[in-house]
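Sequential numbering of the sequence shown, starting at 1490, is according to my numbering.
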Amino acid sequence: MTAQFFAPVASPQHPRTAFADRHIGPSPDERDRMLAAIGYSDAEALIDAAVPAAIRTSRPLDLPPALSESAALDRLRELAARNTVLTSMIGLGYHGTITPGVIMRNVLENPGWYTAYTPYQPEISQGRLEALLNFQTVVSDLTGLPVANASMLDEGTAAAEAMALAHRVSKRRDPGAFLVDADALPQTIEVVRTRAVPLGIDVVTADLSGGLPDGDFFGVLLQYPGASGAVRDLEPVIAQARERGAAVVAAADLLALTLLRPPGESGADIAVGSAQRLGVPYGFGGPHAGYMAVREGIQRQLPGRLVGVSVDADGATAHRLALQTREQHIRREKATSNICTAQVLLAVMASMYAVYHGPEGLAAIAQRTHRRAAEIAAGLRAGGVEIVHDAFFDTVLARVPGRAADVVAAARERGINLRRADADHVGIACDETTVPAHVTAVLEAFGVPAEGAAAAAEAIPDGLRRESPYLTHPVFHAHRSETAMLRYLRKLQDKDIALDRSMIPLGSCTMKLNATAEMEPITWPQFADLHPFAPVDQAAGYVELIGELEDALAEITGYAKVSVQPNAGSQGELAGLLAIRGYHASRGEEHRDVCLIPSSAHGTNAASAVMAGMRVVVVKCDEGGNVDLDDLHAKIAEHGERLSAIMVTYPSTHGVFEETITDVCAAVHDAGGQVYVDGANLNALVGLARPGEFGSDVSHLNLHKTFCIPHGGGGPGVGPIGVREHLAPFLPNHPLRAEAGPETGVGPISAAPWGSAGILPISWAYIAMMGPDGLRAATEGAIIGANYLAARLAPHYPILYTGRNGLVAHECIADLRRITKETGITAEDVAKRLIDYGFHAPTLSFPVAGTLMIEPTESEDLAELDRFCDAMIEIRREIRRVAEGAYDGEDNPLKNAPHTAAALVSDDWKHAYSREEAAYPLPALRENKYWPPVRRIDQAYGDRNLVCSCPPPDAYEE
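Below is the structure:
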């Protein structure tokens, strides 16, 4: 089937797709020179030599020809125009907000922020780490809990993770069930249920307004304020839960917490929620930054990223990711969570919203929001309409027996969407954007006069009003003018390396171009300002775009059906495994619970398998880095009757096209199992091979890798899954959107029906502008680039794994283990020294300790590839000087890297090498030099002295 999403738009085309020429870095002449260096006459010859014939597709991509940038944007404008953006007063965890222009332009639309990677290399990530520390401080201060993480994927998944955390820390032999307040957000309840089923956790929903019901519970989830708008005192229920030994999770509205007593002060153990209303647009459901904060004593169980404070080699304060040993990359099936990508870019936006407004500004916005809700309540009461709850923050629930549909329709005629709770109740949610005219229109929709609104009274009980201070740190008081805010953002941006400064050669991460034309539509109001639960006829453009994107991804991968709901690769993994689990259960084979995972796999694979209720069995790899077929057959023989699936990355995490992948698939299928091909490396397959054709049953795709959604410093990401026909009935669905998935689905994976819908136009545009020929050319370019780097670096650093004909796929692994043994110079030393050369390091010690995994992508031109190779080769010369004794084994440019400007101008320069050797090892650096803001950071110190929020103001006193 030909995907029809590129509607014909009259546009003259260059013989070669203009956009593809710009997306793919090397020119035709440069590509020929690269091929010659590898030893091949043309790209087809290289592809034939590198890619096994057994996986090659026999048919080209059945997609329409490429559109020009202007034609693609015209088509997106047509789709956007089919969306109808009304004033949303639906609520349910999504609220109107005003993104300050200085944040919109200088964060969300700024490649210095959105093209950065997760800050695993903290020395070149100090800007976004500081922004994330601000975010953690906002969350910690507002919730009244001491430790907050650097974002979660959304509120629903944060609540599910909190359930798992509460289960882990429960000390009861029989932990019992997880109790959920019936007034929790409906999507949150269902995401929690989805997560609970494979873990064997019973979820009980009950009205907790009168206290806890009878029963044994290890945890309790409370909504604060409730989905109905009700504000209740949490302390009585928390006290009851504590008496029974249950942990309490409060799903709390951050803006409301500027006025309400924080859950931490009421005794909650965990707080979760969303920071969306702190300046982040609806985006039809995402992406938004979820959050989690915890009490003292359980912070080492906290899922997700955690930014902490440490010191560098000179003792200066520096930021870094803390407690990384609990993450899935290291802990694998024993990790606290499978979360890899979070929502860093959106957390940065929310943190800057708080920095810009400060505590007084946030309180004023909250008070104004509350005032509007109180005016609506007063007006309705004056008109004889019953208000269900006397205490509320921003949401009013009105009882109108038998008239709810009529009221909602009347409001819609006035340009406002209200929530029909049921046939007798209407919910009205106010927010930062609510103005008096909206109040009047809502009252008219109920058929009551507007005069009664003037009698509004406060609806927050005195005993629940917040008294404790928050956001006392100087950063929340220093940048109130736009000039000051602009310069603060620029100061932080200048501390970091992102794609706007140099290539980021991270293996397995695919840091490719995020083109401006792809990014432009996401801030258009017709895409950005649509509530995820607006009537579906108001989202016609979105629904069409999503359908077209899903069809295109199905065509590219060879699958029958695709769901874009998973809002990260990790969630795509979970969704795929749950589909497999559902399939086996439908056949009466619930006993199949063993997941085979090669030892080379990404850590999220094992963590996701455990979350899906499976037992992980590791399959060995042979000396060539391939799946060991003998061990695979042995494990299948041992676990055959219980075999559920195998998860295998292709091309492998070792950067090679394994010749035996079809044999692996066949062996698993013969034993009754399913094959999950991790799509992390799909950038090496598009247009050449389709996982759905060579034996895979399901894959997740990383739109933030292969399909150009930017990494955002650690999120957002999108991890849609593609499945063959027999797994399609078990894709995710959603309780509030029948259109979002099959009735027989496994439940929602994300809080929003279509996940991070707001950034899907990026991938749509990439596919539209590349077209079938451009997509294949990009794949060829990625393989050419990786093999070019391998050829240039091989004389200096052994390339650990190669495939057929000594070639690699789209990435290669430089092995430094022998160098380390002979000289004491480690892969980490090389990674830090690359900073002095102006580069973000390749992937360090993954998947093999003591190595660097390098992925150039197709977007880097020959000059940049050579600049990186020149740096690596010069560093190898420096290592030889260490081996020869010309440099001291401990006092040398590598061990002391990176070098700051402050260190170089210090009067106390005691090193045996010169300042020039430290700062300018290559002449070109004199023309364009990146200066790291800190020296090498002491990771162990930061974990021993855990500080995960901005230091208190008195720390700045002399």
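Cβ coordinates follow ideal geometry from the N, Cα and C atoms, glycine included. It should be emphasised that the depicted structure is a prediction, and the values quoted were computed from it without experimental measurement.
Using the Cβ count rule (16 or more neighbours within 10 Å means buried), how would you classify residue i?
i       : result
Ile1527 : buried
Ala2375 : exposed
Ile1819 : Because Ile1819 sits at a pLDDT of 48, beneath the cut-off of 50, its placement in the model cannot be relied upon, and the following sentence gives the value as read from the coordinates. Burial call: exposed.
His2080 : exposed
Trp2398 : exposed
Ile1587 : exposed
Gly2077 : exposed
Gly2176 : buried
Pro1611 : buried
Asp1672 : buried
Ala1987 : buried
Gln1856 : exposed
Ser1755 : buried
Pro2014 : exposed
Thr1646 : buried
Thr1858 : buried
Thr2459 : Lying before the first or after the last residue shown, residue 2459 is absent from the chain, which here runs from 1490 to 2447.
Assign residue i to one of three DSSP states: helix, strand, or coil.
i       : result
His2085 : What sits at residue 2085 in the sequence shown is Leu, not His. Three-state result, Leu2085: strand.
Tyr1780 : strand
Glu2033 : helix
Asp2427 : coil
Cys2197 : coil
Met2000 : coil
Met1974 : helix
Glu1533 : helix
Arg1815 : Confidence at Arg1815 is low in this model, with a pLDDT of 46, below 50, so its placement is unreliable and no value can be given for it.
Asp2396 : coil
Gly1916 : strand
Would you give the residue range spanned by the beta strand (DSSP E) that residue i belongs to?
i       : result
Ile2302 : 2301–2304
Phe1667 : 1666–1670
Gln1712 : 1706–1713
Gln1790 : Segment: none, Gln1790 is in no beta strand (DSSP E) and carries neither H nor E.
Gly2274 : Element bounds for Gly2274: not the beta strand (DSSP E) but the alpha helix (DSSP H), 2249–2282.
Asp2152 : Premise fails: Asp2152 lies in the alpha helix (DSSP H), 2150–2159, not in any beta strand (DSSP E).
Lys2050 : 2050–2052
Near residue i, which residues of its chain fall below 8 Å by C-beta distance, leaving aside the five closest residues on each side in sequence?
i       : result
Gly1904 : Leu1575, Thr1576, Ala1930
Glu1533 : none
Glu2363 : Tyr2326, Pro2410, Leu2411
Glu2232 : Asn2222
Starting from the C-beta of residue i, find all residues in its chain whose C-beta is less than 7 Å away, skip the five residues before and the five after it, and write them out in chain order.
i       : result
Ala2266 : Ala1509, Ile1513
Thr1683 : Val2235, Gly2236, Pro2237, Ile2238
Pro1664 : His1656, Phe1707
Can you give me the start and stop residues for the alpha helix (DSSP H) that residue i sits inside?
i       : result
His1859 : 1833–1871
Val1726 : 1724–1732
Arg2070 : 2058–2075
Arg1682 : 1675–1688
Ala1507 : 1507–1512
Ser2141 : Run containing Ser2141: none; DSSP gives neither H nor E here.
Tyr1603 : 1600–1603
Ile2368 : 2351–2373
Ala2320 : 2316–2325
Would residue i pass as an interface residue toward chain D - the criterion being a Cβ-Cβ separation below 7 Å?
i       : result
Ala2029 : Any reference to chain D falls outside this structure, which holds one protein chain only.
Residues in the same chain with beta-carbon distance under 6 Å from residue i, minus the five sequence neighbours each way, listed in chain order, please.
i       : result
Gly2204 : Thr1830, Ala1831, Gln1832, Val1833
- Spell out a yes or no on whether the region 2147–2162 and the region 1996–2016 are touching, meaning 3 or more CB-CB pairs, one atom from each, closer than 8 Å. Between the region 2147–2162 and the region 1996–2016 there are fewer than three C-beta pairs closer than 8 Å, too few to call the two in contact.
- Message: Within 8 Å, do at least three Cβ pairs link the region 2069–2076 to the region 2113–2129?
- Response: Counting Cβ pairs under 8 Å, fewer than three are found: no touch.
- Any chance the region 1701–1709 sits against the region 1726–1735, with 3 or more Cβ pairs inside 8 Å? The region 1701–1709 makes contact with the region 1726–1735: 3 or more CB pairs, one atom from each, lie closer than 8 Å.
- Message: Taking contact to mean 3 or more Cβ pairs, one atom from each stretch, closer than 8 Å, check whether the region 1633–1646 and the region 1773–1787 are in contact.
- Response: Touching, yes, given that three or more Cβ pairs across the two stretches are closer than 8 Å.
- the region 1585–1600 contacting the region 1837–1855, beta-carbon criterion three pairs below 8 Å: As far as the Cβ criterion goes, the region 1585–1600 touches the region 1837–1855, which means the pair count is three or higher.
- On the three-pair Cβ rule with 8 Å, is the region 1848–1867 touching the region 1791–1798? By the C-beta criterion, the region 1848–1867 is judged not to be in contact with the region 1791–1798, since fewer than 3 inter-stretch pairs fall below 8 Å.
- At a cut of 8 Å, does the region 2187–2203 reach the region 2220–2228 through at least three beta carbon pairs? Counting Cβ pairs under 8 Å, fewer than three are found: no touch.
- Message: Tell me whether the region 1562–1572 and the region 2022–2039 touch, counting them as touching only if at least three CB pairs, one residue from each stretch, are closer than 8 Å.
- Response: Between the region 1562–1572 and the region 2022–2039 there are three or more C-beta pairs closer than 8 Å, enough to call the two in contact.
- Task: Take every Cβ of the region 1884–1902, pair it with every Cβ of the region 1912–1924, and state whether three or more of those distances are shorter than 8 Å.
- Result: The count of Cβ pairs closer than 8 Å, one atom from the region 1884–1902 and one from the region 1912–1924, reaches three, so the stretches are in contact.
- Do the region 1752–1769 and the region 1734–1744 touch if we need at least three Cβ pairs shorter than 8 Å? The region 1752–1769 is in contact with the region 1734–1744.
- Item | At least three beta-carbon pairs within less than 8 Å, the region 1963–1970 to the region 1920–1928 | No, the region 1963–1970 is not in contact with the region 1920–1928.
- Query: Between the region 2271–2291 and the region 2350–2358, are three or more C-beta pairs nearer than 8 Å?
  - Reply: Yes, the region 2271–2291 is in contact with the region 2350–2358.
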